[in-house]
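One structure is given here, and the rest of the page talks about it.
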């Protein structure tokens, strides 16, 4: 299961995972980018979707983002670090009960980098560092930013590890015919959205099933006060795809 980035909208991933579990669909490995990587490692570590939801709901916008005075970014991710420290029971990616691939963008090489070993928290923090908004994360000799810059739907790390891939994108990009773009921050976010759209189109071709809840386009990446609704959107959208999902898994059984 490949889980895209998308800020607070990542709770839709939790709803999707709950719907799959209720229908007896077991995921053998995960990959995640940005907020999707946070969901992936926690689920792989055995934390229930509802537990994660309640934990992230307790954080407001101001609690999640701690102000940083570095020129490389306005904020840091200390509060998200604390959520991971509280809920995780394994420190290393290779120790997680279900394998997880975490995708970040290596600023030094200019390429996507997949973490499957080493510190869980370091990998997730690197993958979640949205450019300009957050400071890059240093791991070893390299600096990393949000994996979504080059691979927001991380299907590629899974293609040789499993027979069927379900990709879930929580960043539907809609045409905005009436909005004017005059402020630098709005222009920056829209540019980031469009770059994500381009690389998601490529990655979805690797997925046997692609799920992208259209309703999420009404929510921003900082819609922390609407997490219950976004969770429900992910849950209900996945339920609507359950017939296709069951056919995929039945096909896989027959092939084996």
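Residue numbers (my numbering): 12 to 267. Ideal placement from N, C-alpha and C gives every residue a C-beta, glycine not left out.
Query: Express the C-alpha separation of residue 218 and residue 97 in angstroms, rounding to a whole number.; Result: 33 Å
Query: On the three-state DSSP scale, how would you describe residue 13?; Result: strand
Query: When DSSP labels each residue in this structure, what does residue 236 get in the three-state scheme?; Result: helix
Query: Hey, how far is the Cα of residue 176 from the Cα of residue 92?; Result: 29 Å
Query: Just how far apart, CA to CA, sit residue 65 and residue 58?; Result: 12 Å
Query: In this structure, what does DSSP give as the bridge partners for residue 125?; Result: 114
Query: Pop quiz: residue 157 and residue 138 are said to be a contact at Cβ under 8 Å. What is the actual Cβ separation, rounded to whole angstroms?; Result: 7 Å
Query: Which whole-angstrom value is the C-beta distance of residue 16 and residue 42, which I expect to be below 8 Å?; Result: Actually they do not touch by this definition, with Cβ atoms about 12 Å apart.
Query: Report the residue from 36, 150 and 49 whose alpha carbon sits nearest the alpha carbon of residue 18.; Result: 49
Query: Among 69, 230, 194 and 182, which one has its Cα closest to the Cα of residue 210?; Result: 182
Query: From the DSSP output, which residues share a beta bridge with residue 155?; Result: 117 and 148
Query: With DSSP as the reference, identify every bridge partner of residue 177, one or two as the case may be.; Result: 220
Query: Rounding to the nearest angstrom, what Cα-Cα distance links residue 245 and residue 161 in this structure?; Result: 24 Å
Query: Evaluate the contact criterion for the region 22–38 versus the region 249–262: three or more CB pairs, one atom per stretch, below 8 Å.; Result: yes
Query: Considering residue 42, what are the terminal residues of the alpha helix (DSSP H) in which it resides?; Result: Element bounds for residue 42: not the alpha helix (DSSP H) but the beta strand (DSSP E), 41–44.
Query: Quick check on residue 67: buried or exposed, where buried means 16 or more other Cβ atoms within 10 Å of its Cβ?; Result: buried
Query: Looking only at C-alpha atoms, which of 21, 99, 14 and 155 sits nearest to residue 237?; Result: 21
Query: Looking at residue 153 and residue 207, is the spacing between their C-beta atoms short of 7 Å?; Result: no
Query: Identify every residue that forms a DSSP beta bridge with residue 130.; Result: 103
Query: Taking the alpha carbon of residue 100 as the reference point, which residue from 231, 229, 132 and 125 has its own alpha carbon closest?; Result: 132
Query: On a Cα-Cα basis, can you pick out the residue from 36, 40 and 47 that is closest to residue 172?; Result: 40
Query: What do you get for residue 268, buried or exposed, if any count of 16 or more other CB atoms within 10 angstroms of its CB means buried?; Result: Here the chain has residues from 12 to 267 only, and residue 268 is not among them.
Query: Which residues bound the alpha helix (DSSP H) around residue 92?; Result: 89–98
Query: Could you check if residue 225 is buried or exposed, using at least 16 other CB atoms within 10 Å of its CB as the buried criterion?; Result: exposed
Query: Under 7 Å between the Cβ atoms of residue 113 and residue 126?; Result: yes
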